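Residue numbers (the numbering used here), protein chains in the order written: chain V, 127 to 699; chain W, 4 to 505; chain B, 940 to 1006; chain E, 3 to 126. Yeah, the Cβ is synthetic: ideal placement off N, Cα and C, and Gly gets one too. On a predicted model such as this, the values are computed, not experimentally measured, just so you know.
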Amino acid sequence: MTGFDVPPVAFFLLGAALLPWLPAVGRAGVCVLFPLLALVHVSLLTEGAELAVPFLQYELVLLKVDGMARMFGIAFTLVAVVAGIYAWHMRELKQQLAAMLYAGGALGVVFAGDFFTLLVFWELMAVASALLVWAGGTDRAGAAGLRYLLVHLLGGSLLLAGIVMEVYTSGDLSVRAFAEEFSPGSLLILLGVLVNAGMPGLHAWLPDSYPKSTVTGSIFLNAFTTKTAVYVLAVCFPGWEVLFVCGLIMALYAVSYAVLANDIRLILAYHIISQVGYMVAAIGIGGELGLNSAAAHAYNNILYKTLMFMGAGAVLFAVSETRLTHLGGLFRKMPWVVVLYLVGAAAISGLPLFNGFVSKSMVMDAVYGRDLGYSLLALASVGTFLSVGIKLPYYTWFYRETPRELDAVGKPPVNMIVAMGILALICVAYGLWPAWQYAQLPYGVDFTAYRTDLVVKAIHIPLGTFVVFWFFRHKILGEAKIVLDTDWFYRKPASNIGGLILDGVNRFFGACESGLDRLIVQRIVPPFRNPIKALGFKSGQGDHYDPDMDRTSLGSAVGLTLLVMVVALVLSL
Amino acid sequence: MEAWVHLAVAILLPAFFGALVAVIFPARWRNAPWVTAVITSGLAFAASVAGLVYTASRGEVRYYLGGWEPPMGIELVMDPLSAFFCAVVTGMAFFVFIHGKTVVPRETPGKEAAFYSTALLLVGGLLGIVLTGDLFNLYVFLEISSLAGYALVAIGDRRAPFSAFRYLILGTIGASFYLLGVAFIAMETGSFNMGDVARVVPALGDSAPATVGLILIVFGIGLKMALFPMHGWLSDAYTYATSTSTAIIAPIGTKVAAYVLLRGCFYMFDPDFVREGIPLTTIIGYLGAVGIIWGSVLAIAQSDLKRMLAFSSVSQVGYIALGVGLASPLGMIGAVLHTLNHAVMKACLFLVNTNILSRFGHTDIRRFDRTFRIRMPWTMAAFTLAAISMIGLPPTAGFFSKWYLVLGSWENANYVFLGVILVSSLLNVVYFFRVLEKIYLRTDGEPYDEKNEREDAAVEREESPASMLFPTVFLAASLLVLGLANAFIVTYFIRPMIPSGL
Amino acid sequence: MTMNRITWILLVLTLIATSAASYRADPDTFPLYYFVFGVLGCLLMLFITKGVAKKLLSRKEDYYDRV
Amino acid sequence: MIEFLHSYYAYWAIILLLVIGLYGMLVKTNLMKKVIGMIIFQNAIILLFVAAAFKWDATVPVLDPAYPSEDPVNYLNPLPHTLMLTAIVVGVAIVGVAFALLIAIYRNYGTLEEPVLMERMRSE
């Protein structure tokens, strides 16, 4: 007990409050210093520390420290510090503010002890992160940001509805593990959290928006939203069998899209979902090993995924281009970026000596015994290595000569390299000395990562993948295209059907769409234009409501009054 | 204690005094009626706030008019409920009067004195309804406010007299039914005093005349409240009256009727009896629920902003009726809180409507466009905030009253009401976003490009004068304050007023 | 990037060494199981995604910008 | 039956007046006739108060040696009757406003027949 039980979010809110008053350099300093203070603070927090304030008849628990929360808190503050360094050159107040609030929101969620507090920070995250998407500045980013916000508000509403029901049935506001049964409340909460976790079907906001954010914005985006969702799942739904299935779907579905994607930040975005899939599956297994492995994997994932996004950001910063088909041969321009990125890639692929190996092995160990699930996760790791381990770096930095239009490229600033270097160092350190990691886990650990079978497996799968890749390397790149995902359903405007009726799938979608269109345009909208007519009253005549045409006579208004009176009297006597 | 007794009458007097004073100034002093109205309503507001604070901490105040004790004489009673409604009525009147400085002389040139005098009579009548402890006296105040209301509605455009006439016929029927109900209750209990009635009624047991009396009172007053389906007078009256008339009648007129509803159902009669003996509150609640949906649907159908707001009033009054219908502490909190919130929101929206009308000469939603937000940024910001509050998004005030209603419905396991509240929030989104989209997003189908930018740059800012802008923005901002302070308001002002039997 | 002979030899040596280690640790499992898994899995993934999904779901880049 | 009707004849007359008033407001299309219906309706209610507060063999509440003052049966309750004075005044005010509105309507549209009036408002 340090006797200083302040919620860590306070540091970020304080920092955000300071930002507008400072000159540009000072702002960048604040963005590193305050997260650093928060990091120190979080690492000094002792388990069991609690800060509660009364609110109405409830008690809001702003701070509640346990192993799981502490682990996520350290990861979040750590990555906020490094991201602050990475963004040192960036002088835009709006982005800095949004980033601080966003990171603060994530910490608020993690250390929230009751659902109201959690929800408040949850919504803060949604709004702040939408600002980061909008900061992209392009029309596409603007539209994507709006879609992003709408989806998250929907998710937040589901969560709110679930929480209301849950609090009402149980009267208990505290964040806690739910018994595995589908009450309406817990189901709504689960759905709301799964929106943020990126469950396929509810996930399209992620690949839609992350690649459209700014260089630095996507660094923050990748770390917080999905991982807080993982945290909430781990705390509230440990051992829910349905999550195991969800996790498998996430891991495979997203990795398939990552294999197809052409934009490097899109590949990484899909990989967020895929990696979260591992964690969700581990949570679905539950138990100490399951939760430990989920927490460890989330922790490591935050580190190496941020590192990789930083690499992609450096490319974008230097050449303003992120499509693989338009990149190539950039190795000589940014050797350090490549090397550091490859550390991250090795970690995500689970190669021995890197931190990803440790946690991925833990997850696989937790899943061991469920043969189909085990094989499917192994298959997902093939896709992981294929897309971010080889495809992305190969076509970006090594394949063919530098395209002419990219020839006069800028160099990524030093602070970016430094930030990447710090993360790479941590990734390697945790890989070499897994005991450091075990010590932080919420439950006691009885696990050895460097077991022969695990090491062999971690080497053989990438080897096999690499051989196939090399064989087909000239065919895999393909053309500059995009691949439709479920955001199609809300992005494609209703009026455009003609050009789509080309093949089976499209005809099906088209039919659904035109059906919906007909339903909305011809059935749902017109009655709203003139409800009087739609309900069959004699006075309703035109297509649109017209006060003069649709005015009821005075006699009928008097009649209605009498009717109400008579009905009420009859019912009451 | 002694001095505080006069607080009750101190709320009532300024309005009537102002109504008399406003007409005596020579015509040269053009602003004198306005100043009178602002000062007197401000005094009444201050007295109401003082009364609110006093009653919240020290309980009710009784004032015997002329020194005659009830049941012979008439008493004014200021308890937490009536003090709360007084504060709402006078507060709204104060801000709307400030706003009228330039609007009234333009819309009704040469008749400012008559206008303010009538408007103050309206306010005085409404305050009288809220404060009086006597059933017949309430009828008199009801008719004072109604007559002033008919007159205010009638000073509009060509159609206004007819809409005022409709209002008059229906309003008189409502008031007559109320009087009939009073006759039944007086015949059964032998007293016109509400306190006496409340003491006698439980002893009567299941008395048919008293029940009939209550029902007549409730639905007679329901007509004044525009409870569905007795809202036929409302849309025309609000649409064709002058801007300031609507702005003053709309936020407070129906709310005071809601006050009578609460008073009659929960204070004069035993809440248990009203809830279970006769299904009166249930009927009110379901009528409110239907009204919520019906008002929202019709609001979507409107192309005129003012008429849309009028129908939205029908819908919002439904929320209050729904809260009464729940007949539980949470429902009561929701209803009372929504009265306050809706008064502020509606006043703000009608003021915005006036600002738009006075700058652009029309309030046709179909003709709204992007330039609005450049020409009147503050007004549009106020509109947006009020719209968000109407929809009920946190942390604006509108969210919290709906929240209590949702909690109340959930507690009563009334899923119909729950569904209605959720569906109506969606419908609210539809009709408000239709406007917001035009103001903030719509670029006529074209992508936003340099041409638009140049056009936008050519548009000059023409915000309303300060006398109009201040009340609008202040009310909008207070929505946020009310939202954040809702826990305080509920704990200190609303909880003390919940009757013991509820 | 080029893959010269030495690199390939290194890869094969790694494969053999690790397989041998695996065999020593547990003679019952097939030492090259995960290598084959990697090869087949990669082929499967490429086949499914490129062959099926890309035909059905891929669009020009300005797909969403066209009205 | 006759007895029942007889003992409550004042109320029957009042109910009849109420119905006539409502009928006027409900069915008649001429706005002036609606106002007349409204007047009848209001006055019926006033009569109800007057009738209800009256009792035979009692006097006004002024002390009279002929009537023993200790027995309240001998005196009328004056309150309903006096209150009705106010109600009559209110009623007159309403009628006045209604007529003023009718004049304004007639000036604007040249008719007091509701269907014609609505037709003219429509064609504007």
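For residue i: DSSP bridge partner residues
i	result
V/TYR425	Answer is none; V/TYR425 lacks a bridge partner.
V/ILE608	B/ARG998
W/LYS258	None, per the DSSP bridge assignment.
V/VAL356	According to DSSP, which records beta bridges pairwise, V/VAL356 is partnered with nothing at all.
W/ASP275	Paired residue(s): none; W/ASP275 is not in a bridge.
V/LYS190	V/GLU176
W/LEU79	W/TYR66 and W/THR135
V/PHE181	V/TYR184
E/TYR77	E/THR61
V/ARG449	V/ASP389
V/SER300	V/ASP240
Alpha-carbon to alpha-carbon, residue j and residue i
i	j	result
B/TYR972	B/SER958	9 Å
W/GLY94	W/SER318	23 Å
V/ALA175	W/PRO474	47 Å
V/THR128	V/VAL465	Because V/THR128 sits at a pLDDT of 48, beneath the cut-off of 50, its placement in the model cannot be relied upon, and the following sentence gives the value as read from the coordinates. C-alpha separation (whole angstroms): 41 Å.
V/LEU479	V/ASP497	27 Å
V/VAL469	V/ALA550	6 Å
W/VAL143	E/HIS83	15 Å
W/ILE251	W/ALA96	6 Å
V/VAL696	E/ALA55	27 Å
B/ASP1001	V/SER513	24 Å
W/ALA384	V/ALA136	30 Å
B/SER997	V/VAL609	4 Å
W/LEU340	W/SER404	5 Å
V/ARG526	V/LYS517	13 Å
V/GLY343	V/GLN221	7 Å
V/THR510	V/ARG302	33 Å
B/VAL975	V/GLY641	48 Å
V/ALA291	W/ARG376	Residue 291 of chain V is actually Met in this sequence, not Ala. Roughly 40 Å between the two C-alpha positions.
V/PHE363	V/GLU306	7 Å
E/ASN76	E/VAL62	9 Å
V/ILE587	V/LEU503	12 Å
W/ARG378	V/LEU223	29 Å
V/ALA206	W/VAL462	43 Å
Contact set between residue i and chain B, taken where Cβ atoms lie within less than 8 Å
i	result
V/LEU374	Simply none; closest approach about 15 Å.
V/VAL151	The premise fails here: V/VAL151 is roughly 39 Å from chain B at the closest Cβ pair, so nothing lies under 8 Å.
Whole-angstrom C-beta distance between residue j and residue i, which should lie under 8 Å
i	j	result
W/ASN358	W/SER392	Contact flag wrong, Cβ pair sits at about 18 Å.
W/GLY337	W/GLY321	Rounded, the Cβ-Cβ distance is 12 Å, inconsistent with contact.
V/GLY193	V/LEU429	So it is not a contact: roughly 18 Å between Cβ atoms.
W/VAL92	W/ILE255	5 Å
V/TRP214	V/ASN541	4 Å
V/VAL402	V/GLY324	6 Å
V/SER339	V/ALA267	7 Å
V/ALA694	W/ILE286	5 Å
V/THR451	V/ASN348	V/THR451 to V/ASN348, Cβ: 23 Å. No contact.
Chain W residues whose Cβ lies nearer than 9 Å to that of residue i
i	result
V/SER698	THR214, VAL215, LEU217, ILE218, GLY280, ILE281, PRO282, LEU283 and ILE286
V/PRO538	Under the 9 Å cutoff, chain W gives no residues; its nearest Cβ is about 32 Å from V/PRO538.
Cross-chain neighbours of residue i in chain V, by beta carbon under 7 Å
i	result
E/VAL92	Within 7 Å Cβ-Cβ: nothing; E/VAL92 doesn't reach chain V, min ~20 Å.
Chain-ordered chain W contacts of residue i [CB-CB under 7 Å]
i	result
E/ILE38	Within chain W, no residue comes near E/ILE38; the closest Cβ sits about 11 Å away, beyond 7 Å.
V/LEU680	ARG169 and ILE172
Chain-ordered chain V contacts of residue i [CB-CB under 8 Å]
i	result
W/ARG310	PRO673
Please list the segments of the alpha helix (DSSP H) lying wholly inside the region 127–160 of chain V, counting only runs of 4 or more residues, in order along the chain. 135–144
Could you tell me which uninterrupted alpha helix (DSSP H) segments, each at least 4 residues in length, are contained entirely in the region 302–359 of chain W, listed from first to last along the chain? 308–329
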